[in-house]
Every structure is written in structure tokens, then in C-alpha cells.
Amino acid sequence: MKIILSTLLLANVLYANQSNLDSLDDLSLEELMNIKIYSATKSYQRIEEIPANITVITRKEIEKYNYSTLEELLKHIPGLFIVDDTEHFQIGSRGSLGSSFKLMINNNTITPLRIPRGGTSNRNFFATPIEAIDRIEIIKGPQAVTYGSNSMYGSINIITNDFNEKNIVSLSKGNNGQEKVFARVNHKNEDGGFTLNTSFYQTDGIDGDLEDAFDSSYYSSRPSSAVENLKGLLENKYKTLDFSHRYKNLTTDINISETNYGIYIEPTYRNGNEVEQVEKSLALTYEDELSENLSYKANFITSQKSYDIDDFNILEDENATVNNHNKVKRNQFDIHLNYIVNDKTKFLIGSSYEDIDYNLNATLNTIANERNYTYSSYDLYSKLQYKFSDKFEFNSGIRYTKRNDFLMTFKQDNDLSDTEFDQIITGNIDSKADYLPEFSAIYHINSNNHLKFLYGKANQLTYSSIDKFEEINSSEINYIYLSKKYQINSSIFYNEAKNISLFTQNGSSLPTSAIGNKFTKGFEFAVTYKPNYNFETSSSITLQDTKNQTSDGSTNYDPDFSPKVLGKIQMSYLKDKTRYSLLLNYISSMKAPIINGTSTRYGKNSNANINVTTNINHHFNKNTSLNLNITNLLDRDNRIPAGSTLTSFKNGAFTKGREFLVTFKYKF
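Everything in the sequence shown is counted per my numbering, starting at -7 for the first residue and increasing by one.
Given below as C-alpha cells:
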């Protein structure tokens, strides 16, 4: 498969050299690079000026390949892969899976996924309908100076409020219970405008016979009343509403999403386990210029996220009471100043504050648990950009981040009746502070060629600890070539990640974690060729090698969920009024995690995952189209290793089979 990928990658480049078609596209690659991005640095910069490895996908590109979901789009970003463990869409990047990306909608961060002894799913973010996305900005590499903790591997920012876009109505229907309805209303005036996106989506989700997932000895020992098939247990239903309004300097963003989805924990009984997760957020952003050289932006976000399982069917006794209810309330305020000192020097200084209120109520048969706490964090950050010349510029930044000490209260009711047996534990969690630096140098060889030297440090809370943080130091050399027809993005990177932990659980044991250090070195190469409006092709390959080391340095072992090769190929061709696209995604073999305290893995290595997607999109006229999307065209039995919530899947956990989705879209 590696030879095939390399051959196809080379064929793309050779074809590009042989073609002499005229450029007819109304948005060349070079013009695309002139789009100014805010999310990378909190100041508006073109891609070649940004001190980071960044990928930008516009609405034109989304419609060219007609991705059906946000998950599908991210699967085809160079260097990324996605694992659906039924609870999270785990994002894999640069030798690690599940380490955090800062997730944002319209530059507003969503509720953090990792908080002390708690957390929620990112399915609300992935519920964002692809039809609502006007642009998506993906940054690989630490973004701690810009966004603080929980941005170890980068950031993903979705823009849904381009007032220049048309109104849209779309209807979709497919196999596997897929149904989708989307509507957008847009209005622009001289003082701003508004955008309203709303959607409903449902699917039956992943299916599979559990006898094929477990080894024979374990399967024969399972209780006879445990479910034997996943059919109907992993349904997903998403409802979203996204409203953005701008009046002069003030922007208001409202996001509401409700996700109902099934999760699997072994063993599961009866009708399975359904999660209802609701997230509501309000963001107010005000920006203005105080003078020709001085501007500021203030951003306030308040949000509430609930996670509820009313009937957790992980005990055989149908009269047993098992449930789980989480609620996270957040307030966040950020203000920063951008100051242009002179033609060569720019300076940014900012401060942010965040408070989190967390509440957990859970019942396991005759035992009830409560956990409550509130904590706050304060950050100061600054960035300096200095241009030595037209060709060379230097960037540096540092963030001081401090989480205050706080009280955590834990109550365990051991019999649900007599308070005499209640246990109440109150503990003080010490404050924690850290300095997170970044440095970069950018050499503009000429208007087409740019070389970036990047270093950054970041951290995030571990899954299993109240006060321990994962940490990463990342170094990268990033090369960009831009022209009217070509785009090349290539990187050599080296990461040192410390205190990495894996959260695992099943129905009969408590969470455990394997803590150690990861060292990753890799090479990434991506090329896009767009000779004209009718044809576009892009290919990428990522080669990476990761080693795990236990915390005391005594043992080295191959890491889990760390493929050595990632390959992507996309082609799109327009013939008359019909556009045909073909997408290929390759993930090499992955290993399962090691069971904590042993040298044994949870299950077998996965085989290489190969997923082929095809789209046929026909335009009846300028505003009306019909699209056929087929994912996993070859209907391969792609598996992911046992791990996360799926620890008992010795033969690998299932992924989706072949799916087709027909979409009718009307713009007005």
C-alpha cells in the first residue's frame, strides 16, 4: 500500500508538470493564501506570515469535494486521523490520539473537554453541519500562547458567519438510517448582518456482531443476557442552531446543540446506553481601533453543557439503578491589544480569565456519588513580531497561566437511605502555574517560497489526575510553496510529550491510566494542483515514528494508536454541469494500548485502514444541485484497536460500513 500511495502522489506531481490548461478558476491558490486568518495569532495575517503550520479549507473546496460531515472533512486533512470510540471523535495527530486541539466556532472556544476528574464529549462540536461551514482553519502544533492549556496539538476553528454567502435549504436521505435537514438564512447590510444556521441529522451509527470482536474464550464466558450485536445501540441524533449577528463593532454569537448518541461499554444489556448532551453558549465580541496603530478586541463567553445518561444498562439486573449526570458551567473573558510600533515591529499583549463550575451526580445500584467544585484560572500573554527585512521576520511569545487552588467536595451515599453511612470528603487542590513559550523565524525566500522554523510548549490536564498535566515541546521546520496553480506544504517535526495518559474503562472495572513519555519524529508532505476551474487534485503523506517511555525511563515500547503512515488523495473533475470527486484515506496498522501495570495489550494490532469515498454532484442550474456521496465504497471491514471505552474488543472495534447519502440543495 505504501508503494501505491507513493506512486499516486508522484503521479499527481507529474501530471501537474505535463498539463498546460489555462487557469479559469475564480479563486486561485495564490489568492486563497491572501485570506487573512485571525485564529492563529489573534491578529489578522496571511498564511505565509503566520508562525504556524496552518491548513485553510474554504466553502469552495468543501463544495468541490462535497464532504458529508465535519468528521469526513477532518479525516482528509494531512497528518490527521479520526477514531470514533462511540463516546468521542478522537483526533489523532503526530504520534498521539486524543490529545487536545483547541476547538472553536467563529473564534469562540467551546467548553473544555478536560477538567479535573471530569469531562464531556466533543460530539457537539462534530455535530456542526458541513453545510454551515464557510471556512475551517486547522493549525498543527502547540497553540498555548494564543489559547492557553488544552491546545497541545493545535487548534481547529470553524467559521459559519460569512454574511456574503447565499441562503440554503438542503435535504438528505441515505442508508443506515441517515436523514439530514439543513437551512441557512443570511442577510448583510452596511452595518454588518446576520447568519442563522439550523440542522437535524440522524444515523443508525456503527454496527457489528460482537462475537467477531471478542476472542472465543471471553465471548463464551459472557452473561447470556448481554447484548450480542451493536445494531440499534449506537444511533446518533444531532440538532443544532447557530446564530451570528454583527452590528458595527459588536458581534453576538449564539450556539445551541443537542446530541443524543449511544455509547458501548462491555458488557451492555437490554437497549444499550444513550447519552443526551446539550451545550448552549453566548459570545459577545467587541473590537475597535483606538488609533491608527493601536487596536483591541474583547471577548466574553458564557456556556453551559450537560451530559446525561438516565439509564446506564451495564448491570444484568434490570431493576438496578445506574445513571450519570454531569453539568459544566463556564465563563470566560479575554482582552488583548495589538500595537504597531513601527514598520518592523508589532506587539500584542492580552489577559484572560476563566471560571469553571462542575457538578457530577451518579448512581451505581445502591451507591450514589456526588462531586462538586468551582475553580478559576488567570492568564497573561504577549507576542512580539519583528521584521529584520522583507525576507526575514522573528516571532516570540510567552503565556503565564495560573489555576487557583480550590475545594473539591466528594460525597458517597452507600445505601441511598441512611445518612449514617454517607462519606463526605473535602480536599483542597493546590494552585498550579506554568510558563508556556513559543519562538519562530520565517524566511520569505521569494513571493512563492516560505520557510518557517517553529518551536512551542503547551500543556493539558491528564485524564486521570486532578493536578498532573501532560506537556509537549514541539519543534518544526515548515516549508510552503504558493503559486497560481500549486500549493506545497511540507514539514519535518519532532515532539517530546510527557506524562501522557490513556483513559480506559469497562463495565466491571474503574478507570485506569498508563502514564509515560512519547517521542515523535516525522515528515509530512502535501501538494495541491489546480490547473483550471474543472480539475483539482491533492495528495499528502505523513511518515512518523513514535516511541513510548515509562515515566521512570525503565521501559520503552511501541505506542498505541500511532500509525507510522498516513496517506490522503483527493481528485475532483467538472464535466459540463456534473462534478465527480474521488477521495482515498489510508491509515497504517495501529497497536492497542498496554494494560496498566502489565506488558500485555488490550487486543490485536489493527490492519491498515483504507477508505474510499466518491461524490457525484449535478447542478441543474446555478442554485439547484443533487449530490450522491458514498463512503467506504469498497465496504472494507476497517477496525480500530481495543482501547478507550472499548477495552474488551480484542479483535478490534468496528467502524462504519458502506454508506450512501443523497442530498438535494437549493440556494437563494
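Positions of the beta carbon are idealized from the N, C-alpha and C atoms, including for glycine.
Predicted model only: the values in this text are computed from it and were never measured.
Can you say whether serine 344 is buried or exposed, counting buried as having 16 or more other CB atoms within 10 angstroms of its CB? Within the sequence shown, numbered from 1, the residue matching residue 344 stands at position 352. Classification of serine 344: buried, given that the 10 Å Cβ count is 16 or more.
Would you give the residue range spanned by the alpha helix (DSSP H) that phenylalanine 118 belongs to? Your numbering for residue 118 matches position 126 in the sequence shown. Per DSSP, phenylalanine 118 belongs to the alpha helix (DSSP H) from 115 to 118.
Taking buried to mean at least 16 other C-beta atoms within 10 Å of its own C-beta, is valine 333 buried or exposed? Sequence index remark: in the sequence shown, residue 333 carries index 341 (1-based). With a threshold of 16 other beta carbon atoms within 10 Å, valine 333 falls short and is exposed.
Determine the extent of the alpha helix (DSSP H) in which tyrosine 211 is found, giving its start and end residues. The residue given as residue 211 occupies position 219 in the sequence shown. In the DSSP assignment, tyrosine 211 falls within the unbroken alpha helix (DSSP H) covering 208 to 213.
Would you kindly work out how many angstroms separate the C-alpha atoms of tyrosine 486 and leucine 307, rounded to a whole number? In the sequence shown, the residue the question calls residue 486 occupies position 494. In the sequence shown, the residue the question calls residue 307 occupies position 315. For tyrosine 486 and leucine 307, the distance between alpha carbons rounds to 45 Å.
Is it buried or exposed for proline 134, if we count other Cβ within 10 angstroms and need 16 for buried? The residue you call residue 134 lines up with position 142 of the sequence shown. The residue in question, proline 134, is buried, as its Cβ has 16 or more Cβ neighbours within 10 Å.
With distances taken Cα to Cα, identify the nearest neighbour of threonine 606 among Thr401, Tyr256, Ser564. Here residue 606 is taken as the residue at index 614 of the sequence shown, counted from 1. With distances taken between Cα atoms, threonine 606 lies closest to Ser564.
Spatial neighbours of isoleucine 74 within its chain, please: C-beta separation below 8 Å, excluding the five flanking residues on both sides. In the sequence shown, residue 74 corresponds to position 82, counting from 1. A distance below 8 Å between beta-carbons, with the five flanking residues on each side excluded, links isoleucine 74 to the following residues of its chain, in chain order: Glu63, Leu66, Lys67, Phe81, Gln82, Ile83, Gly84.
Residues sharing a beta bridge with asparagine 221, DSSP: Translated into the one-based positions of the sequence shown, residue 221 becomes position 229. Note: asparagine 221 sits in a beta bridge opposite Asp201.
The beta strand (DSSP E) enclosing tyrosine 139, as first and last residue numbers: By one-based count along the sequence shown, residue 139 stands at place 147. Per DSSP, tyrosine 139 belongs to no beta strand (DSSP E); it is in the alpha helix (DSSP H), 136 to 139.
If threonine 187 sits next to asparagine 153, beta carbons under 8 Å apart, how far is it from one beta carbon to the other, in whole angstroms? Numbered from its first residue, the sequence shown carries residue 187 at position 195. Numbered from its first residue, the sequence shown carries residue 153 at position 161. Contact flag correct, Cβ pair sits at about 5 Å.
Going by DSSP, what residue range makes up the alpha helix (DSSP H) through glutamate 64? As a working note, residue 64 is residue 72 in the sequence shown. Secondary structure note for glutamate 64: its alpha helix (DSSP H) is the uninterrupted segment 62 to 67.
Closest residue to threonine 47 among Thr520, Phe646, Pro121 (Cα-Cα distance): Working through the sequence shown from its first residue, we reach residue 47 at position 55. Here the closest residue by C-alpha is Thr520.
Here's the rule: buried if 16 or more other CB atoms are within 10 angstroms of the residue's CB, otherwise exposed. What is arginine 631? For the purposes of this step, residue 631 is identified with residue 639 of the sequence shown, where counting begins at 1. Residue environment for arginine 631: buried (at least 16 other C-beta atoms within 10 angstroms of its C-beta).
Inter-residue Cα distance where the pair is isoleucine 464 and asparagine 189: Residue numbering aside, residue 464 sits at position 472 when the sequence shown is read from its first letter. Residue numbering aside, residue 189 sits at position 197 when the sequence shown is read from its first letter. In a straight line, the C-alpha of isoleucine 464 is about 37 Å away from that of asparagine 189.
Could you check what DSSP says for serine 501 in three-state terms: helix, strand or coil? Against the sequence shown, residue 501 aligns to sequence position 509. Its pLDDT being 41, under 50, serine 501 is placed unreliably in this model, and the value from its coordinates should be taken loosely. Under the three-state reduction of DSSP output, serine 501 falls in the strand class.
With DSSP run on the structure shown, which of helix, strand or coil describes tyrosine 256? Taking the first residue of the sequence shown as position 1, residue 256 is located at position 264. The answer is coil: DSSP assigns tyrosine 256 none of H, G, I, E or B.
As assigned by DSSP and simplified to three states, the class of lysine 52: Walking along the sequence shown from the start, residue 52 turns up at place 60. It is helical.
Cβ-based neighbour list, alanine 425, same chain, cut-off 8 Å, excluding 5 preceding and 5 following: Residue mapping note: residue 425 aligns to position 433 of the sequence shown, counting from 1. Residues of the same chain with a CB within less than 8 Å of the CB of alanine 425, apart from the 5 flanking positions on each side, are Tyr392, Thr393, Lys394, Arg395 in chain order.
Boundaries (first-last residue) of the beta strand (DSSP E) holding alanine 275: Along the sequence shown, one-based indexing puts residue 275 at 283. Annotation for alanine 275: the continuous beta strand (DSSP E) segment containing it runs 265 to 281.
DSSP three-state label for leucine 16, please. Here residue 16 corresponds to residue number 24 of the sequence shown, with the count starting at 1. No answer about leucine 16 holds up, because its pLDDT of 33 lies below 50 and its placement is not dependable.
Based on Cα-Cα distance, which residue from Phe656, Arg262, Ile293, Leu286 lies nearest to alanine 275? Numbered from its first residue, the sequence shown carries residue 275 at position 283. The option with the nearest alpha carbon to alanine 275 is Ile293.
For glutamate 266 and asparagine 601, what's the separation of their Cα atoms in angstroms? Counting from 1 along the sequence shown, the entry for residue 266 is found at position 274. Counting from 1 along the sequence shown, the entry for residue 601 is found at position 609. Their Cα atoms are separated by approximately 28 Å.
Among the candidates Pro215, Asp77, Tyr278, whose CA atom is the shortest distance from the CA of threonine 244? On the sequence shown, residue 244 is found 252 positions in, with the first residue counted as 1. For threonine 244, the nearest C-alpha among the options comes from Tyr278.
Could you check the C-alpha separation between glutamine 296 and threonine 337 for me, to the nearest Å? In the sequence shown, counting from the first residue as 1, residue 296 sits at position 304. In the sequence shown, counting from the first residue as 1, residue 337 sits at position 345. The C-alpha of glutamine 296 lies about 40 Å from the C-alpha of threonine 337.
Unbroken beta strand (DSSP E) runs of length 3 or more, entirely within the region 117 to 194: which are they? Whole beta strand (DSSP E) segments, 3+ residues: 127 to 132, 146 to 151, 160 to 166, 171 to 181.
Option nearest isoleucine 434 by Cα separation, candidates Thr534, Ile469, Asp349: For the purposes of this step, residue 434 is taken as the residue at position 442 of the sequence shown. Closest option to isoleucine 434, Cα to Cα, is Ile469.
Assigned exposure category for asparagine 615 - 16 Cβ within 10 Å defines buried: Position 623 of the sequence shown holds residue 615. Its Cβ having fewer than 16 others within 10 Å, asparagine 615 is exposed.
Closest by C-alpha distance to aspartate 550, when choosing among Asn438, Thr592, Gln479, Arg628: Start at 1 with the first residue of the sequence shown, and residue 550 comes out as number 558. With distances taken between Cα atoms, aspartate 550 lies closest to Thr592.
Going by the DSSP bridge assignment, what does leucine 653 pair with across the sheet? Translated into the one-based positions of the sequence shown, residue 653 becomes position 661. DSSP output for leucine 653 lists Gly166, Asn621 as bridge partner(s).
Of the listed residues Ser483, Thr33, Ile421, Ile561, nearest to lysine 289 (C-alpha basis): Your numbering for residue 289 matches position 297 in the sequence shown. For lysine 289, the nearest C-alpha among the options comes from Thr33.
Neighbourhood of asparagine 58 by C-beta, 7 Å cutoff - its chain only, sequence neighbours within 5 removed: Reading the sequence shown from its first residue, position 66 is the one you call residue 58. Excluding its 5 nearest sequence neighbours in each direction, asparagine 58 has C-beta neighbours in its own chain below 7 Å: Ser573, Asn607, Asn609, Asn619, Asn621, listed in chain order.
Any chance the region 111 to 119 sits against the region 300 to 314, with 3 or more Cβ pairs inside 8 Å? Segments in contact, no.
Within this structure, are the beta carbons of asparagine 98 and isoleucine 42 separated by less than 8 Å? As a first step, residue 98 must be located in the sequence shown, where it is residue number 106. As a first step, residue 42 must be located in the sequence shown, where it is residue number 50. Result no, Cβ atoms of asparagine 98 and isoleucine 42 do not sit closer than 8 Å.
Would you mind working out which of Tyr299, Ala360, Gln562 sits nearest glutamate 53, comparing C-alpha positions? Within the sequence shown, numbered from 1, the residue matching residue 53 stands at position 61. Ranking Tyr299, Ala360, Gln562 by Cα distance to glutamate 53 puts Gln562 first.
Below 8 Å, how does it come out for the region 135 to 148 and the region 159 to 178: are there three or more Cβ pairs, yes or no? By the Cβ rule, the region 135 to 148 does not count as touching the region 159 to 178, because fewer than three pairs are nearer than 8 Å.
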